[in-house]
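This report concerns only the one structure given below.
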Amino acid sequence: MTKLLVIGETLIDLVPGPNGREAVLGGSPYNVAIGLGRLGAKVSIATSLSHDADGQRFKAALEADGVDLSCVAIVNKPSPTALVEEGTKESGPRYVFTLSGTAFDEPAPLPLPWSDDLTHIHAGSIAAILGPMAHSVLDAFAAARGKRTTSYDPNIRPMITPDRDKTRIDVEARVVLADIVKASEEDLEWLYPDHAPHESILNWLALGPKLVILTRGGKGAEAFTAKDHLIVPAPAITIGDTVGAGDSLISALLFAMERDGALGATPVAWTQSAIAKWLSFAVRAAAFTCKQKGSNPPRLKDLER
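For reference, each letter of the sequence shown is one residue, going 6 to 310 in my numbering.
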């Protein structure tokens with residue numbers, strides 16, 4: 006019985022290690038699905054996995070954390086990769102992607118018509134605006150209107166989508182259909198270089214989302230609705246790295262909202278106090294991930310100590 010569906014890519018992150026490059030399972034939607042599964046959510050992922058050894062690693066890891074694979078296609082193409090280069094503390098890691106000719110090119114099966122149990126659909130990052138799943142995301146969001154809640158994380162990668170004007174149009178087409186949007190300061194500064202992030206968020210709210218989350222790294226996160234603006238500072242921690250922190254935040258936010266009955270066709274009210282509670286939980290999840298090396302989202306017990 007799936008409650009939440011995540012749509013998007015899986016990627017092998019080739020990260021620097023003591024003995025050369027290490028192949029690490031990654032991709033923002035994969036991280037979100039794993040994060041939800043570890044917290045105990047009933048979650049499925051819609052993606053395409055390679056038949057190769059890396060694809061088998063993805064399959065095993067998703068199953069181990071309780072992610073349903075009924076919307077996964079196994080294809081006869083290699084796994085897509087992202088060569089990860091260390092950046093500065095300000096910029097974070099840099100990526101060089103290999104997507105063409107890989108499993109990224111193949112669409113994932115979506116469970117249409119939707120099961121009555123499905124309450125929420127999340128999509129984000131590369132596959133939400135590029136490749137065969139991009140239109141599937143638009144179709145899924147449109148079909149969910151009034152029946153299920155939706156969330157979107159643009160997770161901009163300028164090296165893949167260098168055309169700023171086109172990317173802005175593509176992102177806004179998804180923002181219009183989403184109930185919840187999460188974006189980083191870097192996302193907004195790249196999309197709208199002539200506007201402050203807060204101004205861009207107000208413009209997004211006018212397009213239709215009910216809740217926009219702004220992540221600010223070590224400064225925590227902010228939540229915006231048509232009526233409210235609240236700030237949740239990040240806890241003081243020793244940072245291992247920031248890989249996957251934003252993914253952990255959105256997965257924990259969705260888990261907390263689902264747990265309180267705040268997702269789906271008839272959600273409880275998104276009051277200021279409720280949003281503050283959900284976002285505080287999410288910021289703690291992101292902080293936990295930042296204390297680790299690589300994207301290693303928390304389990305529920307890690308956040309209840």
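Ideal Cβ positions, reconstructed from N, Cα and C, are used throughout, including at glycine.
In chain order, what residues of the same chain have a beta carbon less than 6 Å from the beta carbon of residue i, not counting five sequence neighbours either side?
i      : result
Pro303 : Ala290 and Phe293
Phe79  : Going by the sequence as given, residue 79 is Ile instead of Phe. Cβ neighbours of Ile79 beyond the five flanking positions: Leu54 and His56.
Phe286 : Ala257 and Ala261
Ile161 : Asp192 and Trp195
Gly45  : Leu305
Indicate the three-state DSSP secondary structure (helix, strand or coil) for residue i in the structure shown.
i      : result
Val11  : strand
Glu190 : helix
His203 : helix
Pro21  : strand
Ala78  : strand
Ile134 : coil
Thr294 : helix
Gly129 : strand
Ser285 : helix
Val29  : strand
Ala270 : coil
Asp252 : helix
Ala257 : helix
Ala241 : coil
Ser84  : coil
Asp184 : coil
Ala211 : helix
Leu143 : helix
Ala113 : coil
Ile50  : strand
Ile236 : strand
Using a Cβ-Cβ cut-off of 8 Å (strictly less than) and excluding sequence neighbours within five positions of residue i, which residues of its own chain qualify?
i      : result
Ala148 : Leu117 and Trp119
Arg179 : Ala128, Ala133, Ile134, Val142, Leu143, Phe146, Tyr157 and Pro159
Leu123 : Thr7, Lys8, Leu9, Leu10, Pro116 and Arg153
Asp73  : Thr7, Lys47, Val48, Ser49 and Ile50
Glu111 : Ser53, Ala78, Val80, Lys82 and Pro137
Thr107 : Ser55, Lys82, Pro83, Ser84, Pro85 and Thr86
Trp283 : Leu258, Ala261, Met262, Asp265 and Ala267
Glu90  : Pro21, Pro98, Arg99, Tyr100 and Val101
Tell me the residue span of the alpha helix (DSSP H) that contains residue i.
i      : result
Thr172 : Arg169 to Val180
Leu216 : Per DSSP, Leu216 belongs to no alpha helix (DSSP H); it is in the beta strand (DSSP E), Leu216 to Thr220.
Arg62  : Ala58 to Ala69
Gly42  : Ser33 to Leu44
Phe102 : Element bounds for Phe102: not the alpha helix (DSSP H) but the beta strand (DSSP E), Arg99 to Thr103.
Asp265 : First-last for Asp265: undefined, no H or E at that position.
Ser308 : Reading off the sequence shown, one finds Leu at residue 308, where the question assumed Ser. First-last of the alpha helix (DSSP H) with Leu308: Leu305 to Leu308.
Mind checking residue i: buried by the 16 CB within 10 Å criterion, or exposed?
i      : result
Ala201 : exposed
Asp199 : exposed
Pro214 : buried
Asp18  : buried
Lys187 : buried
His140 : exposed
Gly25  : exposed
Asp121 : exposed
Ala211 : exposed
Arg331 : Not covered by the structure: residue 331. The range shown for the chain is 6 to 310.
Ala241 : exposed
Pro34  : buried
Excluding the five sequence neighbours on either side, which residues of its own chain have a C-beta within less than 7 Å of the C-beta of residue i, listed in chain order?
i      : result
Pro163 : Trp195
Pro239 : In the sequence as presented, Pro is not what sits at residue 239; that position holds Ala. Around Ala239: Gly223, Lys224, Gly225, Val288 and Ala292.
Gln277 : Asp233 and Leu235
I need the boundaries of the beta strand (DSSP E) containing residue i, first residue and last residue.
i      : result
Glu227 : Ala226 to Phe229
Asp122 : Neither: Asp122 is in no beta strand (DSSP E) and is coded neither H nor E.
Val72  : That residue, Val72, is in no beta strand (DSSP E); it is neither H nor E in DSSP.
Tyr157 : Thr154 to Asp158
For the ligand ATP, is there a heavy atom less than 7 Å away from the beta-carbon of residue i?
i      : result
Gly151 : The ligand ATP is absent from the structure shown, which contains no ligands of any kind.
Using a Cβ cut-off of 8 Å (strictly closer), state whether residue i contacts chain D.
i      : result
Leu212 : Protein chain content of the structure displayed is limited to a single chain, and chain D is not contained in it.
Indicate whether the contact test is met: 3 or more Cβ pairs, each with one atom in the segment 259-275 and one in the segment 55-62, closer than 8 Å.
no
>> Whether or not the segment 72-88 and the segment 100-107 are in contact is what I'm after, with contact meaning three or more pairs of Cβ atoms, one per stretch, closer than 8 Å; do they touch?
In response: yes
Any contact between the segment 226-241 and the segment 198-217? By contact I mean 3 or more CB pairs, one from each, below 8 Å. yes
Counting Cβ pairs, one atom from each stretch, are 3 or more of them under 8 Å apart for the segment 158-176 and the segment 259-270?
no
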